[in-house]
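As you go down the protein sequences, you meet chains A and B in turn. 13 is the number of the first residue of the first sequence in this note's numbering; add one for each residue after it. 13 is the number of the first residue of the second sequence in this note's numbering; add one for each residue after it. Heads up, the beta-carbon is just placed ideally off N, CA and C, and yes, glycines get one too. Computed from a prediction, not measured in an experiment: that's the story for all the values here.
Protein chains: 2
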Amino acid sequence: MRKLARSGLRTASRAAAGSLREQVYNLLRKDIITGVYKPGEALREEVLAERYETSRTPVREAASRLERDQLLRFVPNKGYFVRHITVTELNELYEYRSIIECAAAELAARKEPDPELLAQLKELSEVRYRPEDRRSYIRFIEADTAFHIGIARMARNELLVRASTDLRCSIERLLYAGLDLGNYATGLTQEHREIYDAIRNRDEPRAREVMMRHVLGSKSKVFSLL
Amino acid sequence: MRKLARSGLRTASRAAAGSLREQVYNLLRKDIITGVYKPGEALREEVLAERYETSRTPVREAASRLERDQLLRFVPNKGYFVRHITVTELNELYEYRSIIECAAAELAARKEPDPELLAQLKELSEVRYRPEDRRSYIRFIEADTAFHIGIARMARNELLVRASTDLRCSIERLLYAGLDLGNYATGLTQEHREIYDAIRNRDEPRAREVMMRHVLGSKSKVFSLL
DNA sequence: GACATCCCAAATGTATACACTGATTGCAAA
DNA sequence: TTTGCAATCAGTGTATACATTTGGGATGTC
């Protein structure tokens with residue numbers, strides 16, 4: 013049985029993707045974000061181990077990370093459950109997001125820019141999606157994530173980068189939920205461009221302000237879908 | 013050998029302190045913060061397992077949490093190392109701290125206060141320490157942590173509470189380092205009182221401003237010890 | 001003497017067996 | 001019929017055996 017598993021796809025992908033716990037983390041994270049597992053669903057270690065062709069140990073380590081990412085809830089002696097997002101938590105999420113990302117935008121505008129990062133940011137800010145085109149929407153989500161994390165990178169603060177990265181778990185999950193609900197992301201590209209411009213112009217107050225509008229706009233779009 | 017371990021102190025403390033991984037996490041965290049392990053020191057899973065009278069499994073889970081807390085650095089296939097704090101990281105730490113804690117103070121002043129929490133905050137803000145008295149200084153550190161996390165609680169945002177809690181790992185470590193270096197914490201009690209007053213008076217701009225001064229003051233004190 | 005190669009040892013990475021706990025169900029007695 | 005107790009079971013908590021990787025040291029050759 014070991015031999016069989018080892019000889020599968022896993023071995024090939026392993027060298028590329030790192031340790032099993034990382035692979036499981038990435039796969040499980042994606043499956044939760046994209047809605048493969050429904051909120052409230054119980055995830056048992058053994059079942060997950062089978063599904064991802066590994067043992068409980070890497071699954072446990074991946075799951076405990078996902079608990080920190082707010083995607084899973086852990087109950088001692090009971091197991092892991094896909095988190096529900098309550099309205100209260102949604103409010104807290106966007107409040108926190110505005111704190112982190114507005115600070116990141118302001119700092120990104122303040123500090124000496126890395127030309128390469130700036131160029132990447134420009135490209136990312138121009139990614140659009142076509143309504144009704146699921147694939148282009150998914151590409152947009154990925155660009156959106158890279159854009160927002162890129163701003164934290166420009167702020168040159170690893171703790172902010174990490175906070176932004178952590179936030180994206182929850183945000184992407186909402187964006188994927190919006191996928192089935194209509195044209196969530198209308199107008200976001202234009203806002204991204206404004207944020208980029210403010211940062212390029214080293215205009216700190218405007219960078220903060222435009223980012224705040226962007227976050228609040230996203231929030232009200234999400235709430236309108238409820 | 014198992015039997016022996018089970019019959020030791022551990023069994024008694026276990027029910028109180030929760031699972032072994034939690035116990036190991038708390039003990040190891042404390043030992044790193046208080047300087048039992050020196051920066052750069054390599055911590056091997058098996059050795060830690062012996063030291064805390066358990067096996068590698070809970071140690072691994074505790075260590076991976078401590079890596080997220082910025083107390084350990086993990087190198088694949090090599091192990092865990094107690095983190096050095098560089099000057100760059102110290103700057104980033106205080107920059108991030110000011111973002112999180114100023115936002116928390118402002119929100120705490122904005123939102124409807126919980127009377128019980130407010131009373132606790134008042135008490136905590138009054139804790140002083142006597143110079144040269146190591147024990148009173150340690151009590152002050154604990155009160156300081158509870159005070160700052162308490163403000164995040166008043167802000168009624170779990171994500172902020174968590175961010176503040178995470179920050180305290182690194183901050184406490186600095187405070188314990190200051191323990192051997194002199195009267196680090198002079199004047200902090202007075203500043204705590206000002207922060208408390210601003211929050212009680214629901215004065216948002218002042219809460220933010222006083223907290224900013226407090227954080228920047230702490231930062232320059234830490235830097236002066238280098 | 002220096003360098004390259006191979007092998008071994010030490011440490012983590014993973015799998016799995018065993019322990020413990022909490023919940024549920026079934027049975028018996030009131 | 002209802003209630004309480006006990007036994008069983010499902011699932012995590014922990015320990016440990018085994019696999020894999022990596023770095024260093026020893027040995028051999030140029």
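Straight through space, the alpha carbons of arginine 168 of chain B and leucine 78 of chain B are spaced by roughly 26 Å. For the segment 90–113 of chain A, the residues whose beta carbon sits under 8 Å from a beta carbon of chain B are, in order, Glu101, Glu104, Leu105, Glu107, Tyr108, Ile111 and Ile112.
Secondary structure at arginine 180 of chain A: helix, using DSSP grouped into helix, strand and coil.
Judged by their CB atoms, tyrosine 49 of chain B and aspartate 43 of chain B are nearer to each other than the 8 Å cut-off.
Listed in chain order, the non-local C-beta contacts of glutamate 73 of chain A below 6 Å within the same chain comprise Arg33, local neighbours out to five positions each way being set aside. Nearest Cα to glycine 52 of chain A within the set A:Ile97, A:Arg165, A:Met166 and A:Ala120: A:Ile97. Here DSSP, grouped into helix, strand and coil, assigns leucine 84 of chain B to strand. The segment 124–144 of chain B and the segment 172–191 of chain B do not touch, with fewer than three beta-carbon pairs separated by less than 8 Å.
When DSSP states are grouped into helix, strand and coil, tyrosine 141 of chain B belongs to the coil group.
Rounded to whole angstroms, the gap between the alpha carbons of tyrosine 64 of chain B and tyrosine 188 of chain A is 44 Å.
Of A:Gln82, A:Arg68, A:Met166 and A:Pro88, the smallest CA-CA separation from glycine 30 of chain B is found for A:Pro88. Residue pairing from DSSP leaves alanine 155 of chain B without any beta-bridge partner. Cα atoms of isoleucine 112 of chain B and leucine 228 of chain B: separation of roughly 13 Å, rounded to the nearest angstrom. The closest CA to that of tyrosine 108 of chain A, considering only A:Ser232, A:Asn213, A:Arg214 and A:Leu179, is found on A:Leu179. Identification of chain A residues near serine 230 of chain B by a Cβ-Cβ cut-off of 9 Å yields none; the smallest Cβ-Cβ distance measures about 16 Å. DSSP places alanine 175 of chain B within a helical segment (H, G or I) once states are collapsed to three.
Cβ atoms of glycine 91 of chain A and alanine 54 of chain A come within 8 Å of each other, at about 6 Å. Per DSSP, valine 94 of chain A lies in no alpha helix (DSSP H) segment; the continuous beta strand (DSSP E) that holds it begins and ends at 91–94.
Less than 8 Å separates the beta-carbon of methionine 166 of chain A from that of aspartate 126 of chain A. In chain order, Arg80 make up the part of chain B whose C-beta sits under 8 Å from the C-beta of arginine 80 of chain A. Shown here for isoleucine 161 of chain A: same chain residues with a beta carbon closer than 8 Å to its own, the five before and five after excluded, namely Val173, Ser176, Thr177 and Arg180 in chain order. Check the Cα spacing between threonine 201 of chain B and each of B:Ala61, B:Gly190 and B:Val139: the tightest is with B:Val139. Straight through space, the alpha carbons of phenylalanine 86 of chain B and arginine 68 of chain B are spaced by roughly 15 Å.
With respect to the 8 Å criterion, serine 137 of chain B and histidine 226 of chain B are not classified as neighbours on the basis of their beta carbons. Within the model, the alpha-carbon separation for arginine 147 of chain B versus phenylalanine 235 of chain B is close to 24 Å. In the structure shown, leucine 130 of chain A falls within a helical segment according to DSSP collapsed to helix, strand and coil.
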